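In UniProt numbering, the protein residues as written are 1 to 154.
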């Protein structure tokens, strides 16, 4: 069980209004569209899977200037921050390996912002990873509860 100190986050990033804020150079065209589509489908598969496991999804694709939280759920009294990773091919390694230390730290910062913005300081939180591997158009979902802690350690 992790509890964040109430003053852990001092800056309040501005919420982003639209996908326009995410238009990055070099990420345009068909490949970027395919990546976005795969991301949306993977997040939907992850959400469906977590609901079937008894979690209540509170928010999806929560954006601010720091980045984006894929899914925020509730499991009993815990708020669960879920990073969704997907691959259509295993050629580049396992999807969960792409959740680097830097990415984990960013998710923790986003979680602090989320909790503060909703006056939820002091609640118990957990960081999970859901991996979606696409096999002939069908999602194979793996859930890793407590994938890392608030220090970013695995």
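Ideal Cβ positions, reconstructed from N, Cα and C, are used throughout, including at glycine.
As the structure is a prediction and not an experimental result, all values here were calculated from the model.
First through last residue of the alpha helix (DSSP H) which encompasses residue i
{"i": "residue 212", "result": "Residue 212 lies beyond the stretch modelled for the chain, which goes from 1 to 154, so this question has no answer here."}
Where the beta strand (DSSP E) through residue i begins and ends
{"i": "residue 55", "result": "Unbroken run through residue 55: none, as it is neither H nor E."}
{"i": "residue 147", "result": "138 to 148"}
{"i": "residue 132", "result": "124 to 135"}
Test item: CB-CB of residue i and residue j under 8 Å
{"i": "residue 194", "j": "residue 98", "result": "In the structure as shown, the chain starts at 1 and stops at 154, and residue 194 therefore has no counterpart that could be examined."}
{"i": "residue 150", "j": "residue 123", "result": "no"}
{"i": "residue 70", "j": "residue 79", "result": "no"}
{"i": "residue 130", "j": "residue 57", "result": "no"}
{"i": "residue 55", "j": "residue 74", "result": "yes"}
{"i": "residue 106", "j": "residue 66", "result": "yes"}
{"i": "residue 128", "j": "residue 143", "result": "yes"}
{"i": "residue 141", "j": "residue 44", "result": "no"}
Buried or exposed by the 16-neighbour rule on C-beta atoms within 10 Å, applied to residue i
{"i": "residue 146", "result": "exposed"}
{"i": "residue 47", "result": "buried"}
{"i": "residue 155", "result": "With the chain represented from 1 up to 154, any question about residue 155 goes unanswered, as that position is not in the structure."}
{"i": "residue 101", "result": "exposed"}
{"i": "residue 126", "result": "buried"}
Would you list, in sequence order, the uninterrupted alpha helix (DSSP H) runs of no fewer than 4 residues that lie entirely inside the stretch 63 to 90? List check, alpha helix (DSSP H) in window: nothing returned.
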